[in-house]
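So in this note's numbering, spot 198 of the sequence shown is number 818, and the numbers just go up one at a time.
One structure is given here, and the rest of the page talks about it.
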Amino acid sequence: MSASDFFHLLRLHVSAPLVQEAAVTLSEAQGHYLRHVMRLESGAQIRLFNQEQGEWLGTLECPSKKLTVVQLLNLLRAPEVVLRQVHLVFSPIKKDRMDWLIEKAVELGVTDLHPVLMRRSVMRDIKVERVEAQIVEAAEQCERLDIPRLYPLESLPKFLKSHDGEQKIYAALERREAPVLSEIFDRTLDPYFYMIGPEGGFDPEEIALLCAQACIVPVSLGARILRAETAALFGLSSFLYENMKE
């Protein structure tokens, strides 16, 4: 049987090593989800995965009320090498829109998420544990093997100062003359950095700061002014589409 025969099974990300015949103890939260939310019982099959050992088929065992174990059976998908990193640089936005942005960015293949404070940022912080849980949940749902990395929140000047100046950053600067994003992708395997502004856009001082950086490549997303989360997914979708054509 192929891996596709098991796509209907629930899948969970675990950090524990996944090897033939290993018994993997799940977290209390994962055990509660499987047993009390999904109503799975001992003997049910599920999938466990991580980036290092790939995806495995296993059998659920519930030896006690609080202990939930998965007995691994066999490898379904070997580990995959991420050929090109995809970085999204964004400002924190309102909760519901942020939830949507994170979920869809993970589905579209982002590997690194950089929350950056900007002058017009409406939200001034980010709940790290909550966002990291959303990232894992989205990866579980969309059949990814890797889990995107969430970087600490920092200011725009600090981010630019710490950035490797040799890596281009495609910055969506609205109301400026700039080439259309989809027309200027490079075909290397260098990391792809894509930056969007906050709700309300970059302010004039930030635009001046960005345009003074050698690594910044101003790009246009078209004639319309898009919401922050829409602009994020526009750039990620364009990159995904261009790479699928290769």
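Virtual Cβ for every residue (Gly too), placed ideally from N, Cα, C.
query	result
Spatially closest choice to residue 791 from 815, 746 and 772, by CA coordinates	815
Cβ distance (whole Å) where residue 638 is taken to contact residue 670 below 8 Å	6 Å
Cβ neighbours of residue 824 in the same chain (closer than 6 Å, five flanking residues each side left out)	none
Selection from 788, 819, 800 and 795 that minimises the alpha carbon distance to residue 808	788
For residue 679, the residue or residues it bridges with in DSSP	665 and 691
Limits of the unbroken alpha helix (DSSP H) element including residue 726	715-727
Local Cβ density within 10 Å of residue 667, reported as buried at 16 or more and exposed below that	buried
Cβ contact check for the stretch 756-769 and the stretch 842-858: 3 or more pairs under 8 Å	no
Endpoints, the beta strand (DSSP E) within which residue 792 is located	789-792
Those residues which DSSP pairs with residue 643 across a bridge	691
7 Å Cβ cutoff met for residue 754 and residue 722	yes
Check whether residue 726 and residue 759 have beta carbons under 7 Å apart	yes
Alpha carbon of residue 752 to alpha carbon of residue 661, nearest angstrom	28 Å
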